[in-house]
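See below for the structure under consideration.
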Amino acid sequence: MITVLDYGLGNVAAFVNIYKRLNLPVEVAATASQLVNAEKIILPGVGAFDWAMTRLNESGMRDCLDDLVMVKKTPVLGVCVGMQMMAKGSDEGKLPGLGWIDAVVKRFDETGFSQQTHLPHMGWNDVNPRDSNCLFKGLLSPRFYFLHSYYFSPVSKDDVLGVTDYNGSFASVARHANVFGTQFHPEKSHQWGIALLKNFAEL
Amino acid sequence: MIDKKICSRCVMDQSDSRISFDIHGVCDHCRTFDEQVVPNWHTDERGSRELATLVEKIKLSGKGHDFDCIIGMSGGIDSSYLTYLAKEKFGLRPLVFHVDAGWNSQEAVNNIEKLVDGLGLDLYTEVIDWEEMRDLQLAFFQSGVSHIDSPQDNAFFATMYKFAKQYKVKYILTGGNQSTECIRNPVEWMYYQSDAVQIKDIHNKFGKRPLVNYPLTSILWHKIYLPYIKGIKAIRPLDYGPYIKHDAMKLLMDKFGWQPYPQKHFESVFTRFYESYWLPTRFGYDVRRVQYSSLILTGQMTREEALEKLKQSPYDEATIAYDMEYVANKLGITVDELNSYLVLPKHTYRDYKSQSQIYEWGAKAMKALGLEVGGKR
Amino acid sequence: MLRPRIIPCLLVKNNGLVKTVGFDKPKYVGDPLNAVRIFNEKEVDELMVVDIDATAQNREPNYKLIANLAAECRMPLCYGGGVTTPEQVQRIISLGVEKVALSAAAVANPSLISKAAQWVGGQSVVVVMDVKKVGLLRRYEVFTHNGNKASGLDPVSWAKQVEELGAGEVVLNSIDQDGEMKGYDLTLVERVRQATTLPMTVLGGAGSLDDLEALVRRFGTIGASAGSLFVFKGKYKAVLINYPSRDEKDALFERALENK
Chain A
1 MITVLDYGLG NVAAFVNIYK RLNLPVEVAA TASQLVNAEK IILPGVGAFD WAMTRLNESG
61 MRDCLDDLVM VKKTPVLGVC VGMQMMAKGS DEGKLPGLGW IDAVVKRFDE TGFSQQTHLP
121 HMGWNDVNPR DSNCLFKGLL SPRFYFLHSY YFSPVSKDDV LGVTDYNGSF ASVARHANVF
181 GTQFHPEKSH QWGIALLKNF AEL
Chain B
204 MIDKKICSRC VMDQSDSRIS FDIHGVCDHC RTFDEQVVPN WHTDERGSRE LATLVEKIKL
264 SGKGHDFDCI IGMSGGIDSS YLTYLAKEKF GLRPLVFHVD AGWNSQEAVN NIEKLVDGLG
324 LDLYTEVIDW EEMRDLQLAF FQSGVSHIDS PQDNAFFATM YKFAKQYKVK YILTGGNQST
384 ECIRNPVEWM YYQSDAVQIK DIHNKFGKRP LVNYPLTSIL WHKIYLPYIK GIKAIRPLDY
444 GPYIKHDAMK LLMDKFGWQP YPQKHFESVF TRFYESYWLP TRFGYDVRRV QYSSLILTGQ
504 MTREEALEKL KQSPYDEATI AYDMEYVANK LGITVDELNS YLVLPKHTYR DYKSQSQIYE
564 WGAKAMKALG LEVGGKR
Chain C
581 MLRPRIIPCL LVKNNGLVKT VGFDKPKYVG DPLNAVRIFN EKEVDELMVV DIDATAQNRE
641 PNYKLIANLA AECRMPLCYG GGVTTPEQVQ RIISLGVEKV ALSAAAVANP SLISKAAQWV
701 GGQSVVVVMD VKKVGLLRRY EVFTHNGNKA SGLDPVSWAK QVEELGAGEV VLNSIDQDGE
761 MKGYDLTLVE RVRQATTLPM TVLGGAGSLD DLEALVRRFG TIGASAGSLF VFKGKYKAVL
821 INYPSRDEKD ALFERALENK
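Residue numbers (the working numbering), protein chains in the order written: chain A, 1 to 203; chain B, 204 to 580; chain C, 581 to 840.
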């Protein structure tokens, strides 16, 4: 069973629709009691870092989530701002992140840009996975939709599961133990996103 | 539960309530095929000569006009192959039109595009007013009858004749063919879609908005007035030569990038839902029986293959929930409401006003005059 | 490598799809839900849906329609039309839409852009500018209300302002080229392109894939949007949804970006 966290941000319906059409069991959790028995979690996210952290902290699910992820080691997939929230903090905001992965979130350095368009990083870009197992099993030339101005920067290279080139390479997919994150939007990346989400469900 | 008796030659069974069997267990559909279709169906040199004569007549009638014939393109195999033949093999100048009733599948739209581009033809599309179409479709659901695809079918025929009249085209080419359709859906299952009286009555009783833009045809208009007064004739070119569905599909796929459908009539998302789910689930009518039986009689499928395929569910169980949701959303109702129509008391065309007498009389007259072969009953 | 984006743009009027010429003479194109479904199956890069009545009629967006359309999209969806408050922006995003487009309301009240950006993030706030050439000197001016109301703004300075206010994307729409299928107004694009580093999407005039290729060749990473091109076929403008295949798109980008 996939549990999609509904804390007021992110395209919850898109994730639910994808799993429904894959005929994989999916539910939505908006309260701690709905979350507490989750087996696999998706943490969606759209919007600014502080706004997202505030909404999560006020949702009543923060403690339950920390317990599930850090203690019970429940697999969790953070998407876009959901991934960024898993870091210790972000240049975009003042609030601390969840700290599930030793990483920070930085703004792209615009001085190095070779084209007129700078930020946000918007559109379809390639992802180079470190290996073709787990999330990227069966995906050929994976490409996904990105929409962000800040990127995830893990301290350890081992936590980088995939990279993308945008005026330099950045970690578009990260993993530390049971914690996964994608900077792109699998729920809005057609067949590649659907395949990745299916792989997450089948891990 | 009593098992329905199945024909010993094809796979039509007693879900066709008017079926009859001879002493060998062969059904009346097969007999009609042997006695009425076969003697008049020429796919050899007779057929090619007849066709060549027709093609010349068509070309002559079109001299000085933009088009010499009209073809309705659904993106399905029959109309696609027909369009290919008309342009490439017969050298005709068809006006190709498509009726968009709001339910086109991606494959249909792709196939029309590929054929039209690949053959260098011009396309006309008639877009049916969706709000009216939706209202009419809902009216049909609420009426409880089994022929709820009449709104789409009727719009197609009405538009076809409208274009023929507008562009002064004397010849309509249709993809109708004996090879895959020698057995027709029983009238009980799918009543004549061109009966405008029936459509109007059901709309009067259940519709919520006036039918202003929706095109209506009528049996008298398109079977009597247009052919006999205006001289517009409908031709079925696929009947004049061997038409093997599998080969036709391969040719189109290789030559044009044509995409196949899982089943006949799946160009329309609604028709797919209607034929694969609605009809069998609500009425026990499985149109695959009709389609496979035709293929059996014309040697393109064995009875064993057909029986084997019929064991599988007529609809895709993995996607039916999504299809129900999509159909409901599109019609502006909830899935519960759509499901409620599934269990309404059943009605037939006889429960509403119709011109069925005219059809019955007309069919007898046509047969007596030798003007039409085979048949829908 | 970040690819350029090819984006069908659908116009909704009275809940039905229409296509205009010069923002006028709307021709009925059919049901939006089925069109969106087909585009989704064709795996389009993104989709833009604009309700062209909402602002003129001073009414709220049709949330039910928006939710239904969003449910059919496995690609990002941008919605515009009748959006005047940050609450509406938030509500539309929560229905499963990635970006919300502001036009008239942003011109009337530019702080709407920054307020909306605070709530949903700048990346989800798009400013659409409908531009027409006016006067003897044929200078460019931004219009609102379906091209009926002159704003007094010139697109170049408006683009700069919009970036400063925190928007995430600029959609540049040429009213003069709309529906003509004779190509984009590349002069207009050049002017505005120099004025902002925001992602840009160009709309109005595309008549063939060659026009999209020409745009990408000149401007590199850019959004190429079109209405007529993806909704009509052939000289009789028969309504038929079409869109380049993935191979056709990749080949187009490769050719266009060869020397970049």
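Ideal Cβ placement from N, Cα and C applies to all residues, glycine included.
All figures in this text were calculated on a predicted structure; none of them were measured in a lab.
Minimum Cβ-Cβ distance from M842 of chain C to chain A less than 8 Å: Residue 842 of chain C lies beyond the stretch modelled for chain C, which goes from 581 to 840, so this question has no answer here.
Continuous alpha helix (DSSP H) stretch holding I821 of chain C: start and end: Translated into the one-based positions of the third sequence, residue 821 of chain C becomes position 241. That residue, I821 of chain C, is in no alpha helix (DSSP H); it is neither H nor E in DSSP.
Short CB-CB distance (under 8 Å) between V309 of chain B and chain C: By one-based count along the second sequence, residue 309 of chain B stands at place 106. One detail in the question is off: residue 309 of chain B reads as Gln in this sequence, not Val. By this cut-off, Q309 of chain B is an interface position.
Beta-ladder partner(s) of A29 of chain A, from DSSP: Stepping through the first sequence from its first residue, residue 29 of chain A is reached at position 29. Looking at the DSSP assignment, A29 of chain A forms a beta bridge with A:L5.
Contact list for A521 of chain B against chain A, beta-carbon separation under 7 Å: One-based indexing of the second sequence puts residue 521 of chain B at position 318. Near A521 of chain B (Cβ distances below 7 Å), the residues of chain A are N23.
Distance CB(A207 of chain A)-CB(C64 of chain A) smaller than 8 Å: The structure shown does not extend to residue 207 of chain A, since chain A is modelled only from 1 through 203, so no value can be given for it.
Under the three-state DSSP convention, the category L717 of chain C falls into: Position 137 of the third sequence, counted from the first residue, corresponds to residue 717 of chain C. Of the three classes helix, strand and coil, the one that applies to L717 of chain C here is coil, per DSSP.
Partners in chain A for M581 of chain C, counting only beta-carbon separations shorter than 8 Å: The residue you call residue 581 of chain C lines up with position 1 of the third sequence. Chain A residues near M581 of chain C: N125, D126, D165.
Beta carbon of K729 of chain C nearer than 8 Å to that of V706 of chain C: Residue mapping note: residue 729 of chain C aligns to position 149 of the third sequence, counting from 1. Residue mapping note: residue 706 of chain C aligns to position 126 of the third sequence, counting from 1. The answer is no: Cβ separation not under 8 Å.
Among A:E58, A:L35, A:S156, nearest to A103 of chain A - alpha-carbon criterion: By 1-based counting over the first sequence, the position of residue 103 of chain A is 103. Comparing Cα-Cα distances from A103 of chain A to each of A:E58, A:L35, A:S156, the minimum goes to A:S156.
Straight-line gap, T383 of chain B to L482 of chain B (C-alpha atoms, nearest Å): As a position in the second sequence, residue 383 of chain B is number 180, starting the count at 1. As a position in the second sequence, residue 482 of chain B is number 279, starting the count at 1. Approximately 20 Å between the Cα atoms of the pair.
Burial state of K290 of chain B, where buried means 16 or more other Cβ atoms lie within 10 Å: Counting from one through the second sequence, the residue named residue 290 of chain B turns up at place 87. So K290 of chain B ends up on the buried side.
Beta-carbon proximity of V677 of chain C to A697 of chain C, cut-off 8 Å: Walking along the third sequence from the start, residue 677 of chain C turns up at place 97. Walking along the third sequence from the start, residue 697 of chain C turns up at place 117. Taking 8 Å as the Cβ cut-off, V677 of chain C and A697 of chain C do not qualify as a contacting pair.
Per-residue burial, I632 of chain C [other beta carbons within 10 Å of its own, 16 or more giving buried]: For the purposes of this step, residue 632 of chain C is taken as residue 52 along the third sequence, with counting starting at 1. It is buried - the Cβ of I632 of chain C has at least 16 other Cβ atoms within 10 Å.
Exposure label - I431 of chain B; buried when at least 16 CB within 10 Å: Numbered from 1 along the second sequence, position 228 holds the residue referred to as residue 431 of chain B. One point to set straight first is that residue 431 of chain B is Tyr, not Ile, in the sequence displayed. Exposed, by the Cβ-count rule.
CB contact check: Y525 of chain B to chain A, cutoff 8 Å: As a first step, residue 525 of chain B is located in the second sequence; it is residue number 322 there, counting from the start. Yes, its Cβ sits closer than 8 Å to a Cβ of chain A.
Bridge partner(s) assigned by DSSP for M122 of chain A: Translated into the one-based positions of the first sequence, residue 122 of chain A becomes position 122. According to DSSP, M122 of chain A bridges with A:L147.
Coil, strand or helix - R771 of chain C by DSSP: Position 191 of the third sequence holds residue 771 of chain C. R771 of chain C falls in the helix class under three-state DSSP.
Contact under 8 Å by Cβ, P354 of chain B with Q340 of chain B: Here residue 354 of chain B refers to the residue found at position 151 when the second sequence is read from its first residue. Here residue 340 of chain B refers to the residue found at position 137 when the second sequence is read from its first residue. Taking 8 Å as the Cβ cut-off, P354 of chain B and Q340 of chain B qualify as a contacting pair.
With 16 other Cβ atoms within 10 Å as the buried cut-off, status of D765 of chain C: Walking along the third sequence from the start, residue 765 of chain C turns up at place 185. Its Cβ being crowded by 16 or more others within 10 Å, D765 of chain C is buried.
Residue interval of the alpha helix (DSSP H) (run including D830 of chain C): On the third sequence, residue 830 of chain C is found 250 positions in, with the first residue counted as 1. 826-836 is the span of the alpha helix (DSSP H), which, as asked, contains D830 of chain C.
Neighbour flag for Q115 of chain A against chain C, beta carbons, 8 Å: Numbered from its first residue, the first sequence carries residue 115 of chain A at position 115. Q115 of chain A counts as touching chain C.
Proximity test, Cβ basis, 8 Å: Y151 of chain A and chain C: To locate residue 151 of chain A, count along the first sequence from 1; it is residue 151. No, no contact with chain C.
7 Å CB neighbourhood of L498 of chain B in its chain, flanking five on each side removed: Working through the second sequence from its first residue, we reach residue 498 of chain B at position 295. Taken in chain order, the residues that qualify are T383, M504.
Cβ-based burial, H350 of chain B [other Cβ within 10 Å; buried from 16]: Within the second sequence, residue 350 of chain B is the residue found at index 147, counting from 1. With 16 or more other Cβ atoms within 10 Å, it is buried.
Partners in chain B for L837 of chain C, counting only beta-carbon separations shorter than 9 Å: The residue labelled residue 837 of chain C in the question sits at position 257 within the third sequence. In chain order: nothing, as chain B lies at least about 26 Å away.
C-beta neighbour in chain B for Y816 of chain C, strict 8 Å: Looking up residue 816 of chain C in the third sequence gives position 236. So, interface residue.
Contact set for R639 of chain C: own chain, Cβ-Cβ below 7 Å, skip 5 residues either direction: Numbered from its first residue, the third sequence carries residue 639 of chain C at position 59. Contacts found: G662.
Same chain only: Cβ atoms within 6 Å of Y166 of chain A, ignoring 5 sequence neighbours per side: Here residue 166 of chain A refers to the residue found at position 166 when the first sequence is read from its first residue. Only H121 meet the Cβ criterion.
Pick from C:N595, C:V782, C:L820 that is closest to G800 of chain C, judged by C-alpha positions: The residue you call residue 800 of chain C lines up with position 220 of the third sequence. It is C:V782.
Secondary structure of D231 of chain B, DSSP reduced to three states: In the second sequence, residue 231 of chain B corresponds to position 28, counting from 1. Correct three-state label for D231 of chain B: helix.
Beta carbon of N532 of chain B nearer than 8 Å to that of L613 of chain C: Within the second sequence, numbered from 1, the residue matching residue 532 of chain B stands at position 329. Within the third sequence, numbered from 1, the residue matching residue 613 of chain C stands at position 33. Contact: yes.
Within chain A, partners of M655 of chain C - CB distance below 8 Å: Walking along the third sequence from the start, residue 655 of chain C turns up at place 75. Here the neighbours are Y145, K188, S189, H190.
Pairwise C-alpha distance: E27 of chain A and G785 of chain C: Start at 1 with the first residue of the third sequence, and residue 785 of chain C comes out as number 205. Start at 1 with the first residue of the first sequence, and residue 27 of chain A comes out as number 27. Distance between the alpha carbons of G785 of chain C and E27 of chain A is about 45 Å.
L675 of chain C - DSSP class collapsed to helix/strand/coil: Taking the first residue of the third sequence as 1, we reach residue 675 of chain C at position 95. Coil, per DSSP.
Nearest-angstrom Cα separation, counted from V16 of chain A out to N199 of chain A: By 1-based counting over the first sequence, the position of residue 199 of chain A is 199. By 1-based counting over the first sequence, the position of residue 16 of chain A is 16. For N199 of chain A and V16 of chain A, the distance between alpha carbons rounds to 15 Å.
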